[in-house]
Each structure stands twice: as structure tokens, then as C-alpha cells.
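Participant: Under mature numbering (1 follows the signal peptide of the UniProt record, and there is no 0), read the sequence shown as residues -20 to -1, 1 to 729, first letter to last.
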Amino acid sequence: MGCFEIGALWLMVTIISIHADPSADEVQGECLGNRVQFTLPGSLSAGGPLELYAVNDTQTVLLTPHLAAQCGYTQKSDPLGNTIVSASLQSCYAEKQGDNEFRVAMQFKPYEFPTLSEKVYEVFKFCSHTVSSREILCETNYMEVSVRNAIPEIKTASVKQLPTVIPNLQLWRILLYSPEEKSFDKETLQAMGYSVQSSPTRLVMRSPYNTLETFLQNVDDVDMMVFKSVVLFRDRWMMALVESAAACPISGASFVGQMIYWRVPLHITPLVSLEVEILDVHMGINGRRLTSDEMESHNYTMTFNESHVVVEIPVGASDGYYKSHVLEGQYHVSYTIEPMLEFLWKEGQDETMYKVLFPITTPLTAWSPQVTDYTELELRVFDVFLGFFPPDVELLNITFGSEMLTVSEINIKGINLEEHSFPNNTKAFAVQVPFSEPHVQIKTFRPDLRTYVLDLVFGFVILPEHTAFSHSMVLEASSADTVLPHVGGSCNEDSFNIYIIYGSTPSSQIKIHLGHLELNEKILQQYEHHSNETHLVLIVPFLAPVVAFESVQLTGILGRIDVEIYDSLNNLSFNEFSLSCPFFVILSECFSNGTITVVLPKLESVPHLLPGELSLRDPSCKPSYSQDYYAYFHFGVTTCGTTRKFVEDTMIYENEVTWKRDAPFPETVLPDQEYRFTVSCVYIANATQNMILHAVSHLKEQHTDVGKGELTVSLRLSKGGYGSLQGLQGSSSPGKLLGNIIQGQGIQT
């Protein structure tokens, strides 16, 4: 039998009166069976405090949460900020005409910040509803039962005759069972939070869930709160009683994957006998019945087994909503939906309409917002999309690198920030940041690849709790259009010319190593140089400490400079470059006054050599002057162990420069090496004097050592040796001697 066939009729008439503000016509009223529902748009309350009043023809009463539950009113908010108030047609302040006509009136008083000016919106609704013999309503904050006053002794009398038949019966006592019996008068019971309303034709009992005399009962594995009473009416010579009971589920929901299952017993034993005929069952959402087509379109199902009706609802269905939470600093969401079941059953000649509204909230689930990167390298703009969030999430700020900007500051700065709303009541945010923004870092993870990096932290707040949380991300975009730094060079007579081209890398990000030293501003000032934003040119003398001497050759000294370019930000090597150049220099001179000068550079092949530890054959003859990279000797042909021999018409003076380390080598270094240079001066009577230099180096360690063996070098012999020697000992330095350009001559006999 259909529900309309058993006489449940709805007449929907809305009349809205405007008090103080013409926008009150936006308040909507709706008749929903034995309930009426009003919706106040969030735009009218503006997020401020709201007072709710019940109104009838005699009074206007402020509804506190306690009084609302006692009198049959329920208040809640939806995700859009709308205030939803529902009232039972049997509520305390509803006006009734007979058992079928009802008028429910409400006042809404929102307050506007900061002045807290008051606006009043008054609405009322006329509803027609044909009541059943018994109606049980399980709202979210109260249980209600309404029964017809069918006194057994006069059960055959019509309802219209009841006031005449029993004009003097008065409500006397109320017996509550929890489950033991307790007796109360009406005033005491109402003081405890219950509501008792009696008319000649109906008895209405109402109880919040947390009252003392309600009790818990398990019905087919579903926990239910039960409220049972017997109301006693009496006159001087007679007494009548009316039984009433309500039982409402407080459990029965379960979650499997992305499905919600809600089970309600078919036979609620505290309310029915064994002989019950179920006439109809309807499913609804948010207090409204759904047709079979509506259920199918939302993927809702309702099935029956031997003991239960089972409702299946997919998580995320559009009739529910997501709520944001923060748990241990992480963003979580829950999903809430309020299904409804409406039963109609028959016991004997009486029908019971049973309606239960049951909000279901899923457990908290960690939720990672979806990040979509729409960045296109050609546009050179980071483009990121972050979603999706419920309506209760608001974006407060974004931190770009180390700078936090509010939403209003972001667009002023020229960064494009947009909020997008979607039909399913979710929102997302899109941000476009040019690569040229100062907070965009440029990193080089590979020398040939430039990577743009942007750190973002989105700062959110959850309303109305004002709970803050954040979401961080790192955006990267790599480009292969990098022009790598380049280094090159050339040889001059007495210096190296080094040029460095920065390419597309900022000069501030480039680190340069010259030999074993890192180039800084102090070292740079020691050399002649030219620089701008694109390149650097260095002129490095061959005697600079950063130059390595590879060998002594027939033509002079072979020097080398090593240059390496690093990315200081990412610690990557861009380029390594080595330049070797021969330098024609005077290493030794034999003077006519019988003195010899020798300058010996430290060779790279003997890394542990200390020039100051070199000596001639006489160990006491140490260098006259030494630095880390060369030693200078000045001695006479008759001193320091110099030997003389005659070969035909020539006279040859010889000495040796050797190295005997003063301290032993550490265990980690190879044993001491034999090191020796032989110097010879050859004199020919009545002819041009010449000097022959024999340079011999015997090394136990295997080195690629140019100069190992005997080398013959022809050098100019000065005839005015004494004068040259005086200049050398005075203003001239060994460095100048080493720096003079040699004039080579052949050996004459």
C-alpha cells in the first residue's frame, strides 16, 4: 500500500512576513510530513551570531539548545553557511486547528559586526498533515511520540465525541520505565527536560537523548535509546491510561571502502508486538523523501533482509558534505550525510508512522590536496593548481621562498592568484609565478641543464573553528637552453692570458680555482684583470704561486696553470682547463770574477720538495734566498765544494745541488727520494767564455718527469760579472734574474 493511499497528505503554504529587512523573503519554508523546515541563507546572517525564537499568537520565546530539544526544534548549518531550523508539527509553540492543520512561526535575529545592529526575520508556515494513530519521530536531538487518546472504555466513540464523552478527565500522573517504573507529575517531568502535551485527541511526549529515564536497548545488533511511559488520566469516579513509547537508533552505521552502510531493524521490539504488518518504507535525505529515480541517480540503494532494512550510500554523494580537520598537524577530512528512513506499519487497526533522521559521519581520513603543475617552459611562468577543498577552507597567505604574502598582497605584487569553485561544493586555487620572480631559485643539477625551483607554502584556515594548517610544495622546471661557462687561454712571453666566459650562469654563482687557490676579491687584485657581466680576463705572471713548474728544458722552464670553474650554488664542476707554456729564462750565470748564480724552480713532479732545504756539495751552503716555489744560490768557484778539472784547453768548474730532507717523511708518504742538479762552468782561454749546465734528477718514485737525465743548456756568460753581481746583491732580486730573457749561444771551441 502506498503512503499516499493510507492518508498521509501534505499541503504546503508559505507566508513570510518581513520585519525590519526586505530580504526576509529569502528565508525558505518547507512542509516535510510531520516536520516543517526553514532555511536562512548565510548571506543574511553574515557569519555572525544568530538567535532563534519560537513564535505563536501569545508569545515569542528564545530557543536555547536545551529548550529546543525539549520542545521539538532542531538547528544546524550546512557547508554553505545556511542556517537550517526544523520543527515538529507537534512542537510546543505550534498552533493547531484540529489534528490536521498546523501553523509554525519562527524569528531569526542575526547580529552584524562590528556594530551588532539587530535585524529580525520572521517567517511562518501553514502545513496540513493527516496524522496516524501513532507517530514516532527520531530527530538528531530528541525523541518524540504522538498517540491518539483512545481510551479503552470509549474506544467506539468518534474523535469528535471525545470531549463530550470524557469532559472531566485530567492528566494526573506519568509513569516512566527505565526499565523500572517511576512515577512523576507533569511539572516535575518537564523540569527534568521532558515535554508532555495533552489535548482531547492527542498525547505528545518528547525526550532529549540525555535525560535520566531513557535507557539503552540492543535490538538486532543495533543500539537504541528507549523512552517508555504510561500517562494516567482521572476524574472523580474513573481513570484512564495511555501508553506511549519511542525508540531511536544511535548505532547501525558501518563503513567499507567508499561505501556507507546503515542498518535499521525491521521489527523494533520496544515499539511493536510480533504481529506487525509493514505497509511501506521510504528512504530520504535531509528530511526529504526520495523517489526511486532520485535514489538511482545518486547511487543510493535500500535492501531488506530477514531482520533489517539496509541503506547503502557512496562516500562523497552530493547530498552530503565534507568537513575539514587538522590532526597532529596534518590535514584530514570527514564526510557527513543525513539519511532518513520512514516506516509505516499496522498493528491490529492502528497504524504507526516511524521516522528516523540519522546523521552519519565517516572517520577522519588523511587528505593530501591534489597538485597539478601546468607550467610551460616557453611561457617561463610557474602555473600550479591546488585542490580540492571543502567550502570551510579559506586561503590566508602563501609563502614564496622566505617571504609570506597575504592573499591581497599577492595580486598587488603581480603574481596571479585565482580561486575556482565547482558545482560539487569544492574549491581550488591556481597560482602563476614568473621565473623572473626573486624567490625563484636557479639550480644546476647537471652542467648542461638549468632548473628553476620555487618553494611554496600555502597557509589555510578552517572555518568556523579558525584552525590553521599548511601545504608545502616545491615546483621545478628544467631547461636545456643553458650556455655553459667556458675557459681558455694563451701564452705570453712572461705570463698566462686566461679568459673566462660566464655563459648563462650569473657571475655571482661562479667559483674559480686558480691552481690550488680559490679566486676571491683579495687574490684577484694581485693580478692584472678585466671583467664585466659576461666574462673575466686574467693576466697571471709565470712566477705566480698558482703556477706549477713541470720541467726544466733546453729552452727554459715549462710552466702550467690549472683553472677550474665551479657552480657555487650547486657545487658542480663546469669546466677544467690547463695551459702549459715555455718561458725562456736565465737559470744560471757564470761571472768572470769567479762567482756563479743559480735559480732552481720547484718542480711539480717533486711535490714534497722544500726549496730552503736544498744545498750544494757543502751541506752548509744553503740557498741565499728561497720561497715556496724556487731557491736562489750565489757562490764562488772556490767554495761550497766546487771542483775544477782541465779538459784540453778548457777549465770546468762543477757543483751539485742536492736535497736531503731534514725530517723523515710521514708513514703515508713514499720514502725519501734522491734529488740532484749538476751545474758546470766552462772557461776557454782567449775565447768566448761559456757555461754548461748539467741538470740531473734521480727519483725513485716513478714520475712523468721531463728533465730526468742530462740536459745541456747554453747560457750567456757575463764578462762584467762583478758589476752584475753587485746589482744582484743590491737592488736586483732572484726573481728578476729568473725573469730575464735568455740569449742562447752555441758552445764554441
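Glycine included, every Cβ here is placed at the ideal spot set by N, Cα and C. Keep in mind that this is a model prediction, so the values were computed, not measured.
Relative to the alpha-carbon of PRO245, which residue among VAL637, GLU322, GLY78 has its alpha-carbon at the smallest distance?
Facilitator: Here residue 245 is taken as the residue at index 265 of the sequence shown, counted from 1. For PRO245, the nearest C-alpha among the options comes from GLU322.
Participant: For GLU358, count the other beta carbons within 10 Å of its own beta carbon; 16 or more makes it buried, fewer makes it exposed. Which is it?
Facilitator: Translated into positions along the sequence shown, residue 358 becomes position 378. The residue is exposed, with fewer than 16 neighbouring Cβ atoms inside 10 Å.
Participant: CB ASN14 to CB SER175, shorter than 9 Å?
Facilitator: Working through the sequence shown from its first residue, we reach residue 14 at position 34. Working through the sequence shown from its first residue, we reach residue 175 at position 195. No, the Cβ-Cβ distance between ASN14 and SER175 is not below 9 Å.
Participant: Alpha carbon to alpha carbon, how far is PRO427 from PHE449? Give it in angstroms, no decimals.
Facilitator: Against the sequence shown, residue 449 aligns to sequence position 469. Against the sequence shown, residue 427 aligns to sequence position 447. Those two C-alpha atoms are separated by around 38 Å.
Participant: Please report the distance separating the alpha-carbon of ALA48 from that of LYS303.
Facilitator: Against the sequence shown, residue 48 aligns to sequence position 68. Against the sequence shown, residue 303 aligns to sequence position 323. Cα-Cα distance, rounded: 25 Å.
Participant: Between the region 460 to 477 and the region 433 to 443, do three or more beta carbon pairs fall short of 8 Å?
Facilitator: Short answer: they don't touch.
Participant: Note down, in chain order, each residue of its chain lying with its Cβ closer than 7 Å to the Cβ of LEU196, except the 5 sequence neighbours on either side.
Facilitator: The residue you call residue 196 lines up with position 216 of the sequence shown. Taken in chain order, the residues that qualify are ASP203, MET205.
Participant: Using 8 Å as the cut-off, can you tell me whether the region 389 to 408 makes contact with the region 328 to 348, which would need three or more C-beta pairs spanning the two stretches below that distance?
Facilitator: Result no; under three Cβ-Cβ pairs closer than 8 Å.
Participant: What three-state label does DSSP hand SER187 in the structure shown?
Facilitator: Mapped onto the sequence shown, residue 187 falls at position 207. SER187: strand per DSSP, three-state reduction.
Participant: How long is the line joining the alpha carbons of LEU32 and ILE154, rounded to whole angstroms?
Facilitator: Here residue 32 corresponds to residue number 52 of the sequence shown, with the count starting at 1. Here residue 154 corresponds to residue number 174 of the sequence shown, with the count starting at 1. Straight-line Cα distance between these residues: approximately 31 Å.
Participant: Taking DSSP as the reference, what is the three-state secondary structure of CYS570?
Facilitator: Taking the sequence shown and counting its residues from 1, one reaches residue 570 at position 590. If DSSP states are grouped into helix, strand and coil, CYS570 belongs with the strands.
Participant: Report the start-end ranges of each alpha helix (DSSP H) in the region 385 to 461 that is 4 residues or longer and not cut off at the edges.
Facilitator: Runs found: 387 to 392.
Participant: Using beta-carbon positions only, say whether LEU186 and GLY52 come within less than 9 Å of one another.
Facilitator: In the sequence shown, residue 186 corresponds to position 206, counting from 1. In the sequence shown, residue 52 corresponds to position 72, counting from 1. Note that residue 186 is Arg in the sequence shown, not Leu. Yes; because the gap between Cβ atoms is below 9 Å, this pair is in contact.
Participant: Can you name, in chain order, every residue of its own chain whose Cβ lies under 7 Å from the Cβ of GLY237, other than the five neighbours on each side?
Facilitator: As a first step, residue 237 is located in the sequence shown; it is residue number 257 there, counting from the start. Excluding sequence neighbours, GLY237 sits near nothing in its chain.
Participant: Roughly how many whole angstroms lie between the Cα atoms of VAL100 and PRO59?
Facilitator: Here residue 100 refers to the residue found at position 120 when the sequence shown is read from its first residue. Here residue 59 refers to the residue found at position 79 when the sequence shown is read from its first residue. Approximately 23 Å between the Cα atoms of the pair.
Participant: Within 10 angstroms of the Cβ of PRO599, are there 16 or more other Cβ atoms? Answer buried if so, exposed if not.
Facilitator: Within the sequence shown, the letter at position 619 stands for residue 599. Label assigned to PRO599: exposed.
Participant: Less than 9 Å separating the beta-carbons of GLN87 and GLU75?
Facilitator: Translated into the one-based positions of the sequence shown, residue 87 becomes position 107. Translated into the one-based positions of the sequence shown, residue 75 becomes position 95. Going by C-beta atoms, GLN87 is not nearer than 9 Å to GLU75.
Participant: Taking the C-alpha atoms as reference points, what is the distance between SER560 and GLU356?
Facilitator: Locating residue 560 in the sequence shown gives position 580, where the first residue counts as 1. Locating residue 356 in the sequence shown gives position 376, where the first residue counts as 1. Cα-Cα distance, rounded: 46 Å.
Participant: Is LEU357 helix, strand or coil when you go by DSSP?
Facilitator: One-based indexing of the sequence shown puts residue 357 at position 377. In this structure, LEU357 counts as helix in the three-state DSSP scheme.
Participant: With a threshold of 8 Å, are at least 3 pairs of Cβ atoms found where one atom belongs to the region 311 to 329 and the other to the region 208 to 216?
Facilitator: In short, these stretches do not touch, since the Cβ pair count stays below three.
Participant: Taking C-alpha atoms, which residue in GLU456, GLU636, PHE368 lies nearest to CYS620?
Facilitator: The residue you call residue 620 lines up with position 640 of the sequence shown. Nearest option by C-alpha distance: GLU636.
Participant: Let me know if MET384 comes out buried or exposed under the rule of 16 or more other beta-carbons within 10 Å of its beta-carbon.
Facilitator: If you number the sequence shown from 1, residue 384 lands on position 404. Exposed, since its Cβ has fewer than 16 Cβ neighbours within 10 Å.
Participant: Determine the direct distance from the alpha carbon of GLY328 to that of ILE258, and round the result to whole angstroms.
Facilitator: What you label residue 258 is simply residue 278 of the sequence shown in a count that begins at 1. What you label residue 328 is simply residue 348 of the sequence shown in a count that begins at 1. If you take the alpha carbons of ILE258 and GLY328, they lie about 12 Å apart.
Participant: On the three-state DSSP scale, how would you describe ILE230?
Facilitator: Position 250 of the sequence shown, counting from 1, holds the residue named residue 230. In the structure shown, ILE230 sits in coil (DSSP, three-state: anything other than H, G, I, E or B).
Participant: Can you pull the DSSP bridge partners for PRO245?
Facilitator: Residue numbering aside, residue 245 sits at position 265 when the sequence shown is read from its first letter. Looking at the DSSP assignment, PRO245 forms a beta bridge with HIS288.
Participant: Rounding to the nearest angstrom, what Cα-Cα distance links ASP542 and VAL527 in this structure?
Facilitator: By 1-based counting over the sequence shown, the position of residue 542 is 562. By 1-based counting over the sequence shown, the position of residue 527 is 547. Spanning the two alpha carbons is a distance of roughly 8 Å.
Participant: How many angstroms separate the CA atom of ASN266 from the CA atom of ALA67?
Facilitator: Taking the first residue of the sequence shown as 1, we reach residue 266 at position 286. Taking the first residue of the sequence shown as 1, we reach residue 67 at position 87. Distance between the alpha carbons of ASN266 and ALA67 is about 13 Å.
Participant: Excluding the 5 residues flanking THR379 on each side, which residues of the same chain have their C-beta closer than 6 Å to its C-beta?
Facilitator: Position 399 of the sequence shown holds residue 379. Excluding positions up to five away in sequence, the list reads VAL437.
Participant: DSSP beta-bridge partners for PRO294?
Facilitator: Here residue 294 refers to the residue found at position 314 when the sequence shown is read from its first residue. Paired residue(s): MET239.
Participant: Measuring CA to CA, which of LEU43, GLU584, SER470, ASP608 is closest to LYS89?
Facilitator: Here residue 89 refers to the residue found at position 109 when the sequence shown is read from its first residue. If we check each option's Cα against that of LYS89, LEU43 comes out closest.
Participant: If I measure Cβ to Cβ from GLN39 and keep anything under 6 Å in the same chain, skipping five residues before and after, which residues do I get?
Facilitator: By 1-based counting over the sequence shown, the position of residue 39 is 59. Here the set comprises nothing.
Participant: On a CA-only basis, which of HIS451, GLY309, TYR612 is nearest LEU366? Give me that one, please.
Facilitator: As a working mapping, residue 366 is identified with position 386 in the sequence shown. The option with the nearest alpha carbon to LEU366 is HIS451.
Participant: Which word fits TYR354, buried or exposed, when buried means at least 16 other C-beta atoms lie within 10 angstroms of its C-beta?
Facilitator: Looking up residue 354 in the sequence shown gives position 374. With fewer than 16 Cβ atoms within 10 Å of its Cβ, TYR354 is classed as exposed.
Participant: Which of the three DSSP states, helix, strand or coil, is assigned to LYS688?
Facilitator: The residue labelled residue 688 in the question sits at position 708 within the sequence shown. Because the pLDDT at LYS688 is just 31, under 50, the model does not fix this residue reliably, and the value given afterwards should be weighed accordingly. Of the three classes helix, strand and coil, the one that applies to LYS688 here is coil, per DSSP.
Participant: Taking the DSSP output, what are the residues bridged to PHE323?
Facilitator: Walking along the sequence shown from the start, residue 323 turns up at place 343. VAL261, TYR334, per the DSSP bridge assignment.
Participant: Tell me which residues share the same chain as HIS466 and place their Cβ nearer than 8 Å to its Cβ, disregarding the 5 neighbours each side in the sequence.
Facilitator: For the purposes of this step, residue 466 is taken as the residue at position 486 of the sequence shown. Excluding sequence neighbours, HIS466 sits near ILE480, ILE481, GLY483, ASN555.
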